[in-house]
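These notes are about the structure you will find just below.
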Amino acid sequence: MPFVQQVAVGRRECLSVFGNDYNTPDGAGVRDYIHVDDLAEGHICALKKILSMEGGCITHNLGSGHGFSVLDMLKAFEEASGKPIPYKMGDRRPGDLATVIANAAKAKADFGWETKRGLEEMCKSAWNWQSKNPYGYEDAPKD
Ligand SMILES: O=c1ccn([C@@H]2O[C@H](COP(=O)(O)OP(=O)(O)O[C@H]3O[C@H](CO)[C@@H](O)[C@H](O)[C@H]3O)[C@@H](O)[C@H]2O)c(=O)[nH]1
1 MPFVQQVAVG RRECLSVFGN DYNTPDGAGV RDYIHVDDLA EGHICALKKI
51 LSMEGGCITH NLGSGHGFSV LDMLKAFEEA SGKPIPYKMG DRRPGDLATV
101 IANAAKAKAD FGWETKRGLE EMCKSAWNWQ SKNPYGYEDA PKD
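When we follow UniProt numbering, the leftmost residue of the sequence shown carries the number 1, and every step to the right adds one.
Take a look at the structure:
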């Protein structure tokens, strides 16, 4: 996502898509993307759960349970930003898996958490921030 955003804002010429021959609907890698606000709320729920426990350790996965490909993300971001995102197909990145999707059933069962925000909201929100802060928390280059 950061690279998609940087193309939209003009900091990169295009996105390199790492692989188009995976066993996925469009051949690109599939991931379980999550809105940062959903992730933050999940952490708050987890912290409340820890405070209610008398010690011990518990592990939860946070995710939507749905996968989107790199090309799905790219198209959704084009719509949210109104900017074209040029891309080129590249080789697979060593170590990448075809598909990574979280199973957050335990988080829902233990503290009632699940994602509330979808792909469109993720992209709109990311574009709102990136378009106002093209260099993120860093200063723009001097020249
Ligand atoms: O320029 C890019 C960057 C990424 N991708 C693809 O975009 C998807 C997401 O990539 P990335 O944001 O790097 O996330 P992951 O591959 O899911 O890996 C992240 O999530 C893993 C599981 O939490 C961690 O192990 C890794 O360190 C962390 O980078 C993958 O299909 C990549 O192949 C591209 O096509 N082009």
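Glycine included, C-beta positions come from ideal geometry on N, C-alpha and C.
Inter-residue Cα distance where the pair is residue i and residue j
i       : j       : result
Pro-134 : Met-53  : 42 Å
Lys-132 : Gly-56  : 43 Å
Trp-127 : Leu-119 : 12 Å
Val-17  : Ala-109 : 36 Å
Ala-76  : Ala-140 : 27 Å
Ala-46  : Phe-111 : 7 Å
Phe-3   : Asp-21  : 21 Å
His-60  : Lys-142 : 44 Å
Lys-88  : Val-30  : 17 Å
Thr-24  : Gln-5   : 23 Å
Contact check, residue i vs residue j, beta carbons under 7 Å
i      : j       : result
Asp-32 : Ala-102 : yes
Ser-28 : Ser-69  : Note that residue 28 corresponds to Ala in the displayed sequence, not to Ser. Going by C-beta atoms, Ala-28 is nearer than 7 Å to Ser-69.
Gly-63 : Ala-104 : yes
Arg-92 : Gly-10  : no
Residue i in three-state terms, based on DSSP
i       : result
Gly-42  : helix
Ser-16  : strand
Ala-122 : A quick correction: the sequence has Met, not Ala, at residue 122. Note: Met-122 maps to helix in three-state DSSP.
Close Cβ partners of residue i (< 6 Å) along its chain, the five nearest in sequence each way excluded
i       : result
Lys-83  : Ala-8
Asp-26  : Ser-69 and Leu-71
Gly-42  : Leu-62 and Trp-113
Arg-117 : His-35 and Asp-38
Whole-Å CB distance - residue i paired with residue j, under 8 Å assumed
i      : j      : result
Pro-86 : Cys-14 : 4 Å
Contacts around residue i, its chain only, beta-carbon distance under 8 Å, and the 5 residues preceding and following it disregarded
i       : result
Ala-107 : Gly-42, Cys-45, Ala-46, His-60, Asn-61, Leu-62, Trp-113 and Glu-114
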